[in-house]
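Comments concern the structure below.
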Amino acid sequence: MKLSVSTWAYFDKSREEAFERIAALGVEGVEIIAHAPCFHVDVNMTDEQIGYVKGLLAAHHLEISAISPATEFLVFTEEEMKAQLDHMKRVADLCLRLGANHARIFA
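Residues 8 to 114 (this note's numbering) are what the sequence shown spells out, left to right.
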């Protein structure tokens, strides 16, 4: 079993500091928050930004256990649901680009 820590514990820190502190704990994984208030990653990242994050993870010997986006599936219109599903498709793409196998969904 691999242990992970969420960057939520470091919501007020940069991704660089969050990854550094998490690695110092001796865990192998990191759950990366992708919503306010601590966008340590987000769906609008460029390829250059993705490469930078991958480099940070490698430098700290961390694997992504999950990406945690903001979601709101308790919606009342078809348009709102479509917007949530479109966002989740972008999250899935972000996971692929970062090499993450999981997205943690909050309904």
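For each residue, glycine too, the CB sits at the ideal point set by N, CA and C.
- Task: Would you kindly report the start and end of the unbroken beta strand (DSSP E) that includes Val-82?
- Result: Indexing the sequence shown from 1 puts residue 82 at position 75. First-last for Val-82: undefined, no H or E at that position.
- Query: How is Ala-90 classed by DSSP in three states: helix, strand or coil?
  - Reply: Locating residue 90 in the sequence shown gives position 83, counting from the first residue. In this structure, Ala-90 counts as helix in the three-state DSSP scheme.
- For Ala-73, which of helix, strand or coil comes out of DSSP? Within the sequence shown, numbered from 1, the residue matching residue 73 stands at position 66. The answer is strand: DSSP assigns Ala-73 an E or B state.
- Item | Exposure label - Pro-44; buried when at least 16 CB within 10 Å | By 1-based counting over the sequence shown, the position of residue 44 is 37. So Pro-44 ends up on the exposed side.
- Message: Just list the residues that DSSP pairs Glu-55 with in beta bridges.
- Response: Within the sequence shown, residue 55 is the residue found at index 48, counting from 1. BP columns for Glu-55 are empty, so no partner.
- Query: Whose C-beta lies closer than 7 angstroms to the C-beta of Glu-79 among residues of the same chain, with five residues either side of it excluded?
  - Reply: The sequence position of residue 79 within the sequence shown is 72, counting from 1. A distance below 7 angstroms between beta-carbons, with the five flanking residues on each side excluded, links Glu-79 to the following residues of its chain, in chain order: Gln-91.
- Query: With a Cβ-Cβ cutoff of 8 angstroms, do Ile-29 and Ser-75 count as a contact?
  - Reply: The residue given as residue 29 occupies position 22 in the sequence shown. The residue given as residue 75 occupies position 68 in the sequence shown. Not in contact: Ile-29 and Ser-75 (Cβ atoms no closer than 8 angstroms).
- Query: Using 8 angstroms as the Cβ pair cut-off and three pairs as the minimum, do the segment 10-27 and the segment 43-61 touch?
  - Reply: yes
- Message: Only counting the same chain, and skipping five residues up and downstream in sequence, which positions put a Cβ closer than 6 angstroms to that of Leu-63?
- Response: Sequence index remark: in the sequence shown, residue 63 carries index 56 (1-based). Taking Leu-63 as the centre and dropping the five residues before and after it, the same chain places the C-beta of Phe-26 closer than 6 angstroms to its C-beta, in chain order.
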